[in-house]
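Using numbering that gives the first Met the number 0, the first residue of the sequence shown is number 0, and each one after it goes up by one.
Yeah, the Cβ is synthetic: ideal placement off N, Cα and C, and Gly gets one too.
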Amino acid sequence: MKKLVGNMPLLAFTVAAFAAVAFTSPNESATMYGFDGTHWYLVDENTPPGSYSCESDSEPGCLFDSIEGEPVNTELDRKFVNISLTPIED
């Protein structure tokens, strides 16, 4: 009985770790959106390198979590600049 009581913290930690993994949904994909002041652009893992840039500016962010959403990285003041992306249809 003493051995079981002594292992209770380990058992509690194991159950908590299992619950954290089991009940956490995975991130579907890293889909973000850029806005150049007129049009919204889809930016994801399939976006070719060099097809947009984020230049320094006083904007709150360069990429957003959804169309008209919140900036993804707010600690950087950047402006989205489209180079070769096609705008999202309204």
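Do you know offhand how far residue i's Cα is from residue j's?
i	j	result
M31	T13	35 Å
Y51	A29	16 Å
E27	D43	For E27, the predicted model reports a pLDDT of 47, less than 50, meaning its position is unreliable; a value from the coordinates is still stated below. Their backbone Cα atoms lie some 11 Å apart in a straight line.
G33	K2	58 Å
I82	E69	22 Å
F63	Y40	10 Å
G36	V71	17 Å
L84	S55	20 Å
I87	C61	16 Å
Residue i by DSSP, collapsed to three states: which one?
i	result
G33	strand
> Do the stretch 1 to 8 and the stretch 47 to 67 make contact, defined as three or more Cβ pairs closer than 8 Å?
Replying inline: No contact exists between the stretch 1 to 8 and the stretch 47 to 67.
> What runs of the beta strand (DSSP E), each 3 residues or longer, lie entirely inside the stretch 38 to 88?
Replying inline: Positions of the beta strand (DSSP E) runs, each at least 3 residues long and wholly inside the stretch 38 to 88, are given as 39 to 42, 51 to 55, 77 to 81 in order along the chain.
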